[in-house]
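Scroll down for the structure; my scribbles are underneath it.
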Amino acid sequence: MSAVAEAQLASRTEVMTYREALRLALSEELARDDRVFVMGEEVGQFDGSYKVTAGLMDAFGPDRIRDTPISEEAFVGAGVGAAMLGERPVVEIMTINFLLVAMDQVINHAAKVGAMFGGEVRCPLVIRTPNGAGNQLTAQHSQSFDGWFAGTPGLKVVAPASPADAKGLLTAAIRDDDPVLVIENLPIYKQKGEVPLDPEFVTPIGRARIARHGTDLTIVGHSYAVVRALEVADRLAESHGVSVEVVDLRSLRPLDVETVVESVARTNRALCVEEGWASYGVTAELAARIQKACFDELDAPVERVGMAEVPLPYAKGLEHAAMPNEDRIAAAALATLGLA
Amino acid sequence: MSAVAEAQLASRTEVMTYREALRLALSEELARDDRVFVMGEEVGQFDGSYKVTAGLMDAFGPDRIRDTPISEEAFVGAGVGAAMLGERPVVEIMTINFLLVAMDQVINHAAKVGAMFGGEVRCPLVIRTPNGAGNQLTAQHSQSFDGWFAGTPGLKVVAPASPADAKGLLTAAIRDDDPVLVIENLPIYKQKGEVPLDPEFVTPIGRARIARHGTDLTIVGHSYAVVRALEVADRLAESHGVSVEVVDLRSLRPLDVETVVESVARTNRALCVEEGWASYGVTAELAARIQKACFDELDAPVERVGMAEVPLPYAKGLEHAAMPNEDRIAAAALATLGLA
Amino acid sequence: MAVTQAATERVSPELRRELYESMVLSRVFETEAERQYKAARIGGYCHLSSGQEATTVGAIHALEADDLLVTGYRCHGFALARGVPPEAAMAELFGRADGCAHGRGGSMHLLDVERGFYGGWGIVAGQLPVATGLALALVRQGRSQAVLCELGDGAVNMGAWHESLNLAALWHLPVVFLVVNNEYGMGTSVARASAEPELWRRAAAHRMHGERIDGDDLDVVVEAAERLLRAAREERRPAVLEAVTYRYRGHSVADAGLTYRTKDEIAERQALDPIARVRAQLLESGLADDELDAIDDDAEQRVQAAVKYALASPEPNVGDLAAGMHAAGSMKQFARMRPGSPFGEEELTFDSGLGA
Amino acid sequence: MAVTQAATERVSPELRRELYESMVLSRVFETEAERQYKAARIGGYCHLSSGQEATTVGAIHALEADDLLVTGYRCHGFALARGVPPEAAMAELFGRADGCAHGRGGSMHLLDVERGFYGGWGIVAGQLPVATGLALALVRQGRSQAVLCELGDGAVNMGAWHESLNLAALWHLPVVFLVVNNEYGMGTSVARASAEPELWRRAAAHRMHGERIDGDDLDVVVEAAERLLRAAREERRPAVLEAVTYRYRGHSVADAGLTYRTKDEIAERQALDPIARVRAQLLESGLADDELDAIDDDAEQRVQAAVKYALASPEPNVGDLAAGMHAAGSMKQFARMRPGSPFGEEELTFDSGLGA
Ligand SMILES: Cc1ncc(C[n+]2csc(CCOP(=O)(O)OP(=O)(O)O)c2C)c(N)n1
Ligand SMILES: Cc1ncc(C[n+]2csc(CCOP(=O)(O)OP(=O)(O)O)c2C)c(N)n1
Ligand SMILES: [Mg+2]
Ligand SMILES: [Mg+2]
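Residue numbers (this note's numbering), protein chains in the order written: chain H, 1 to 340; chain B, 341 to 680; chain P, 681 to 1036; chain L, 1037 to 1392.
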């Protein structure tokens, strides 16, 4: 491609879904670096159970887009071993719920390689998997263990909430020399947004983003919670004329506390939201950090909203009531603003 | 036994180790209830890798004290199935690190039985396992995932810090109709204390304990952190004449926040301590709860101390520096008191 | 391939007719379930077993009243064959209070403790350790019964399979692992997933009996399942029974099921439909066409009645969101957890009258 | 039992002498390690392999320079046989900066990437998936080398064994799984843990070659390991090699090792000591006693030199607590995580000069 064409491409963006943005990052990295390969259940012939990898097997062949048996422990561990020898495996786990059977390889192997061996060998492994609930998938299939991984030294954890970050963070993860868990999200896959086409576009790991500017309250979250927060912000602007700032964390480890603290120092009120259970969850860490860093700035306690603390029931009505839906987030926001 | 003898026994206590207290609870419950049986690696012929079950196989036979192959996923799951049919399995996992290979059975099976099946069947399973570090066991063997389980609706999690509670909480766990994780601790096994001999003695699940009364600062923790906190409290009383209150949580789910809040409302300062990593850990939840419930009472931000956030290194000096040792806790306490 | 020969005489015409009713009920129920799913009255994952009825119904028939059953998520047919009323099953799919799991579990998590059915589980192979534990409990309780544990051909590559088989064989537990080999795990054929595609052979790794049968031949299924369950009950000999069958529909209602196989392949298998086979056998044995049509109509009516029942059943009370999560009395243990709770948590209650 | 016959002629006197040196070095090193452990200069878990030297040294000899090695935690002998200097190994046990893992790993986590040794791992069977991945990487990189993966007899009951073998067989990966059957997993004999105690037979569950050998016969080990590693390299045929041997000491230095076996049993096995066997063979082949004594003395001196070296090596710098955890440049990513940190966390740094 000519330098001019490249320059144009570098500046161009295109509207696409979160799913397409992930696929674009994968195909660009597969094309750029032979060490990159994709491995997981149904990623090839089936086109991916959520179609993220659709078409990639035709484009890159079965060696680089590897269908695996249902053996998460073995192929996550195979990713660890391949990465230790310099490959760049991108392992797909259908949903984060199934990482439970491979927990030992993620926590006690991938995360340990760097430090336990004194920096003698690295593990540039990427694991991609969606969290979330909301389609009546029920108790065993509707969880978000994000905080468990974010609390594990040796791992890096990112969770894109927009198509642009889906591309930018996945690219950054594949190029990173450490194990990175990329937490995607089921409801967001179909969300559309502007995505930079520049193959060199990356979203830096460890940098949060102000998704919406506001002055009265900061809502902090990651993944789908950000989409909900933006909706609630609009709603409250109309209904109560309040100005809500929304911080999209983008990374959970490293966690960009500075951006959160700068925001809360201006708004003096914070509401932390997550799709998973809040007790002992991601929002617990956020609240703990904010109360310490913003002790003198806070006009109200840091509030949290998460999924109702029960194994998610199947019935639509029960499920909806259990989710951190927009009504519950709005109510929590008003309570934090003293407007409840 | 005569009523008189029973009455005497009921009121008697004896000094024994934490390990012996656990063994006493097991043998009393095994004797009391035929449905109770013990299952795990080396619990029988080997007398238990940490000797908690020493002698029990001779006393109760190989059917009730079952040695298993190294197959944590299978025998934790076997505990789930047996419990669903009304048995009272007590599964021993050598150390909490090895629960990673059985995570799916604990989180996605044991914890789901009650709610997912609409209350049609219960799972009275007990899993006993020690957490902790401090003997140069290195990165893969020195972890504390306590908060992960405490954050899982459907489970109950207790963590005795004294011989009396070791007996009382294990007995309560075995008699409970829900899955209970009993988190023991390696360094405490040899600690001695007064233990009630009454076979009916139980420590109620969900009740914390004021382990030491004080007026200037509340140190909150569970498991071995409580032992450290008591030591630090004495130290600071001498060195700085400050009066430290220590709250032993005893249960992590349900978490007795009321006791914590009552204490902090009096001392106006809180330091939360844990053996594991603090970020996204148990102390994150404690800080989040305290800042909300004690917003107007706090004179300083809630502070936290945990293990340095790195896979625990082997070398003695590095390991000591990484642990939430008494020096680090004392320094954090003084900082919280504004005396640093 | 160690295909046990059919022993047709073992299935009497009366029994065959009974099993035919059960097979048809399963087929009709699932056809209706797919319709209702597309009408958005059923949500989540919905896995159909159309084409697998001979395996399902034959294996369940081999169970005694006090035997136990555990399955994966493809469990409609097993539940119905075991006697779960279509009403309770359909109401569960609709997420209603009168569902067999009170609307908490849905399609993947049917159960019926009174009939010894300990669930429908959703994690591949996760039900195997649980089934092993049920078998252990039977032994400890001195009950000479057995556990039938269903799993798929894809599940045999999970570590839980290996660990459970070793434990069952080592401890002589009365459990029969029924591998329903419908030739695909989602879009992956057995040959693409298993280095040893004759899955029954893996039992030998634990000195356990294994065999493979034609899962579309009702007589063969009944004979083998009865024989292996008896050995489990009477001699505490666990076994692996691999039944080769075929799934007509996609992996779940959401999957068209055509990226990994051809329409022709499906058509070929449908030409050998197990229900049609049994129908033909019944005609041979003297039943009249209209008698069989009457059975089919009756199944249609039972399923329509189940739909009516499900529609009439109330939505679960939102106040009972956490019902069943904890045993009665647990609220007291959680009472002191309220201060500083995440927004709304204080309101959660779970000591409820649902279920046991 | 499929014991391959010894092919004594394949091991020349020169080679036998060399391997004897390696076996003695391992024995002497571990004897000293136990002494140092009791003197509190070594901590944590310390697993000795005294008695297993023929298996360890024979299998490692079969590796080519570019082959890869992965083991469990009982790894001293493997590391030394592969050429890790006793100094670097002993310094690691002492937790010193010059240890092969810079004092971060200790006894269980020795490694030497330059020699293709990818660790010393502590979770039973956890190294199997990792070894499978290393083999996959060899294939992707077009390198015709193989991976030797050590595990114990107790490890074969973990799900990771089953999943890894299937993946290796299905994808034709060049990996040989060396099952060091020392008859016990901690205090559990093979018969009490495995329904199929002939562990090599489990390979068949994945259409993989398996065989059992006398792990105390150096010649047999060398022959079998060379043959299977060649098949892995040249034909991408993975295999299971079960070597039957015996552990003289307890499971770890902390275990007296007598609750589950008798002193007599240990004595019987020591009477057949593999090192003594090789020494006898060397005498037969004409070496003089004092030549062999000289080898033994040399090993003693090398180990004592290693102890000196370890003692002289500095303790790791506490400021480098997190060294190696993350790749260079990661500090920048973590820079914004500091506010509100738990006490002391701000000070943690990990971009360090250690290692790669
Ligand atoms: C541990 C785990 N991994 C992946 C999944 C997603 N999943 C659900 S069903 C299935 C295929 C199972 O195939 P098979 O065992 O043949 O059963 P079938 O669906 O054919 O009845 C997969 C991969 C899961 N539920 N659990
Ligand atoms: C998953 C897991 N469970 C338990 C342990 C504790 N453990 C360490 S070694 C061992 C015995 C292993 O025996 P074997 O595989 O025969 O190896 P050997 O020690 O005899 O060399 C056990 C149970 C562990 N490290 N990992
Ligand atoms: Mg299948
Ligand atoms: Mg062994």
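Ideal placement from N, C-alpha and C gives every residue a C-beta, glycine not left out. These numbers come from a predicted model, not from an experiment.
Distance cut-off 7 Å: residue i Cβ against heavy atoms of ligand 6
i: residue 1218(L); result: With respect to ligand 6, the structure offers nothing, as its ligand set consists of ligand 1, ligand 2, ligand 3 and ligand 4.
Presumed contact (8 Å Cβ cut-off) between residue i and residue j, rounded CB distance
i: residue 552(B); j: residue 570(B); result: 6 Å
i: residue 1169(L); j: residue 79(H); result: 6 Å
i: residue 1212(L); j: residue 1184(L); result: 5 Å
i: residue 580(B); j: residue 499(B); result: Their Cβ separation, rounded to whole angstroms, is 29 Å, which puts residue 580(B) and residue 499(B) out of contact at 8 Å.
i: residue 66(H); j: residue 90(H); result: Residue 66(H) to residue 90(H), Cβ: 10 Å. No contact.
i: residue 975(P); j: residue 704(P); result: 6 Å
i: residue 76(H); j: residue 105(H); result: 4 Å
Where residue i meets chain H, residues with beta-carbon distance less than 7 Å
i: residue 789(P); result: 138
i: residue 441(B); result: 104
DSSP state of residue i mapped onto helix, strand, coil
i: residue 1368(L); result: helix
i: residue 471(B); result: strand
i: residue 486(B); result: helix
i: residue 1094(L); result: helix
i: residue 438(B); result: helix
i: residue 908(P); result: helix
i: residue 681(P); result: Annotation note: pLDDT 35 at residue 681(P) (below 50); position unreliable, coordinate value reported separately. Coil.
i: residue 1362(L); result: coil
i: residue 637(B); result: coil
i: residue 1044(L); result: Here residue 1044(L) scores only 48 on pLDDT, less than 50, and its place in the model is too uncertain to base an answer on.
i: residue 1392(L); result: Here residue 1392(L) scores only 41 on pLDDT, less than 50, and its place in the model should not be relied on; the value that follows carries that caveat. Correct three-state label for residue 1392(L): coil.
i: residue 627(B); result: helix
i: residue 696(P); result: helix
i: residue 343(B); result: helix
i: residue 208(H); result: coil
i: residue 703(P); result: helix
In DSSP terms, what residue i is bridged to
i: residue 704(B); result: The displayed coordinates of chain B run from 341 to 680. Any statement about residue 704(B) would go beyond what the structure contains.
i: residue 13(H); result: 196(H)
i: residue 595(B); result: 592(B)
i: residue 561(B); result: 588(B) and 613(B)
i: residue 1104(L); result: 1183(L)
i: residue 466(B); result: 430(B) and 520(B)
Interface partners of residue i on chain P, CB under 9 Å
i: residue 599(B); result: 1016
Interface residues of chain B facing residue i [CB-CB closer than 7 Å]
i: residue 291(H); result: 627, 631, 641 and 642
i: residue 347(H); result: The requested residue 347(H) does not occur in the structure, where chain H is confined to residues 1 to 340.
Where residue i meets chain B, residues with beta-carbon distance less than 8 Å
i: residue 1361(L); result: 650 and 651
Neighbouring residues, chain B, relative to residue i (Cβ below 9 Å)
i: residue 1230(L); result: 409
Chain P residues whose Cβ lies nearer than 7 Å to that of residue i
i: residue 444(B); result: 803 and 806
8 Å Cβ cut-off: residues of chain P touching residue i
i: residue 306(H); result: 1022
Any chain D beta carbon closer than 8 Å to residue i
i: residue 250(H); result: Among the protein chains of the structure shown, namely H, B, P and L, there is no chain D.
Practice item. At 3 residues or longer, and completely inside the region 358-431 of chain B: list those beta strand (DSSP E) runs for me, N to C. Key: 376-380 and 405-407
Exercise for review: Kindly provide the ranges of any beta strand (DSSP E) runs that are 3 or more residues long and lie completely inside the region 917-984 of chain P, ordered along the chain.
Suggested key: 919-924
Review point. Hey, which unbroken runs of the beta strand (DSSP E) at 3 residues or more fall wholly within the region 757-821 of chain P?
Key: 797-800
Review point. Residue ranges of each beta strand (DSSP E) run of no fewer than 3 residues wholly in the region 820-907 of chain P, ordered along the chain?
Key: 827-832, 855-861 and 889-894
Check your understanding: Along the chain, which unbroken stretches of the beta strand (DSSP E) at least 3 residues long are found entirely within the region 484-528 of chain B?
Key -> 496-498 and 520-525
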